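In what follows, a structure is listed as structure tokens, so that the remarks can point back to it.
What follows is the structure, encoded as structure tokens:
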């Protein structure tokens, strides 16, 4: 994974090297993102005014709801989507850029920005070969955690981007209104820290005896000994599993 184009200033070389290390990069092998079911509703909600068949003036020649037309924007070089290469795809770069940048999408005051979970969905879909219309390009890889992208940035810019991408109330999974005390939270990604202080991002699926069954961002399910988790992560696991 190469440094993102808009990170040309103030790049932390050590952080880039860390992100490129095998432990922090994963091949996309599971949990396929369905463009029409998972991604299109988000793009239509936040980008349709300028990039759909409903737009009075389509900007950039991009219509997300015309699948054949959108697919014609796939390719190499400076294309909206380069299957397998999210970090070179203009779609990812424009939704991730700081909002005040000229090529950011949407521009300040022109629409609601994608939150971090939605940006990750774009990244995952492209890394998975950008499957659409029954076709798929070559697959690529992506960081274990999208938050690792902020390691390249100056602290003030990283914090600004995190605030711009914050998940708003109601956009995260939450218990149903009739859930009582002790009801398990719906599975969602969380940070998990072991006793050596190393943190990963994963979804707790269930507890199985003395094992926490975690789903990694690439879709793999792995058992992890509860005893090896920090006290805080053990408590988090029990709470998420409903007090098992």
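Numbering (the working numbering), first residue to last: 18 to 261.
No residue lacks a Cβ here, since even glycine has one placed at the ideal position from N, Cα and C.
Here the structure is a predicted model, which means the values were calculated and not measured.
Cβ-based burial, residue 102 [other Cβ within 10 Å; buried from 16]: Position 85 of the chain shown, counted from the start, is the residue given in the question as residue 102. By the neighbour-count criterion, in which 16 or more other beta carbons inside 10 Å mark a residue as buried, residue 102 falls on the buried side.
Distance check for residue 150 and residue 85, CA to CA, integer angstroms please. By one-based count along the chain shown, residue 85 stands at place 68. By one-based count along the chain shown, residue 150 stands at place 133. Their backbone Cα atoms lie some 8 Å apart in a straight line.
Could you give the DSSP three-state label for residue 218: helix, strand or coil? In the chain shown, the residue the question calls residue 218 occupies position 201. Looking at residue 218 - three-state DSSP - the assignment turns out to be strand.
Give the straight-line distance between the Cα atoms of residue 90 and residue 142, rounded to the nearest whole angstrom. Position 73 of the chain shown, counting from 1, holds the residue named residue 90. Position 125 of the chain shown, counting from 1, holds the residue named residue 142. Residue 90 and residue 142 have their C-alpha atoms spaced approximately 15 Å apart.
Pop quiz: residue 160 and residue 146 are said to be a contact at Cβ under 8 Å. What is the actual Cβ separation, rounded to whole angstroms? Looking up residue 160 in the chain shown gives position 143. Looking up residue 146 in the chain shown gives position 129. Not really, about 17 Å apart at Cβ, beyond 8 Å.
Mapping the DSSP letters down to three states, classify residue 209 as helix, strand or coil. Start at 1 with the first residue of the chain shown, and residue 209 comes out as number 192. In the structure shown, residue 209 sits in a strand (DSSP, three-state: E or B).
Using DSSP bridges, identify the partner residues of residue 223. The sequence position of residue 223 within the chain shown is 206, counting from 1. Bridge pairing for residue 223: 230 [DSSP].
Take the Cβ of residue 107 as the centre, count every other Cβ of all protein chains shown within 10 Å, and call the residue buried at 16 or more, exposed below. Reading the chain shown from its first residue, position 90 is the one you call residue 107. Looking at its Cβ environment, which holds 16 or more other Cβ atoms inside 10 Å, residue 107 is buried.
Whether or not the region 107-118 and the region 166-183 are in contact is what I'm after, with contact meaning three or more pairs of Cβ atoms, one per stretch, closer than 8 Å; do they touch? Output reads yes: the region 107-118 touches the region 166-183.
For residue 82, decide whether its Cβ has a neighbour in chain B, counting only Cβ atoms nearer than 8 Å. The question asks about chain B, but that chain is absent: this structure has only one protein chain.
What do you get for residue 50, buried or exposed, if any count of 16 or more other CB atoms within 10 angstroms of its CB means buried? Mapped onto the chain shown, residue 50 falls at position 33. So residue 50 counts as buried.
Check each candidate in 82, 222, 251 and name the one with the smallest Cα separation from residue 233. The residue you call residue 233 lines up with position 216 of the chain shown. Answer by Cα proximity: 222.
Let me confirm a value: residue 100 is counted as buried when at least 16 other C-beta atoms fall within 10 Å, else exposed. Which label applies? As a first step, residue 100 is located in the chain shown; it is residue number 83 there, counting from the start. Result: buried.
Round the Cβ separation of residue 158 and residue 211 to the nearest angstrom and send it over; I've been treating them as touching at under 8 Å. In the chain shown, counting from the first residue as 1, residue 158 sits at position 141. In the chain shown, counting from the first residue as 1, residue 211 sits at position 194. Contact flag wrong, Cβ pair sits at about 24 Å.
Can you list the alpha helix (DSSP H) stretches of 4 or more residues lying completely in the region 125-171, in chain order? Complete alpha helix (DSSP H) runs here, min 4: 133-144.
Find the nearest neighbour of residue 219 within the set 257, 226, 227, judged by alpha-carbon distance. Numbered from its first residue, the chain shown carries residue 219 at position 202. Closest by C-alpha distance to residue 219, out of 257, 226, 227, is 257.
Could you name the residues of the same chain whose beta carbon sits closer than 7 Å to that of residue 242, not counting the 5 residues immediately before and after it, in chain order? Taking the chain shown and counting its residues from 1, the one referred to as residue 242 is at position 225. Around residue 242: 227, 228.
Spatial neighbours of residue 166 within its chain, please: CB distance less than 6 Å, with the 5 preceding and 5 following residues excluded, ordered by chain position. As a working note, residue 166 is residue 149 in the chain shown. Taken in chain order, the list of residues that qualify is empty.
Any idea what DSSP makes of residue 240, helix, strand or coil? Your numbering for residue 240 matches position 223 in the chain shown. Strand at residue 240.
State the start and end residues of the unbroken alpha helix (DSSP H) segment that holds residue 91. As a position in the chain shown, residue 91 is number 74, starting the count at 1. Per DSSP, residue 91 belongs to no alpha helix (DSSP H) and is neither H nor E.
Can you tell me whether residue 240 is buried or exposed, with buried defined as 16 or more other CB within 10 angstroms of its CB? Here residue 240 refers to the residue found at position 223 when the chain shown is read from its first residue. Looking at its Cβ environment, which holds fewer than 16 other Cβ atoms inside 10 Å, residue 240 is exposed.
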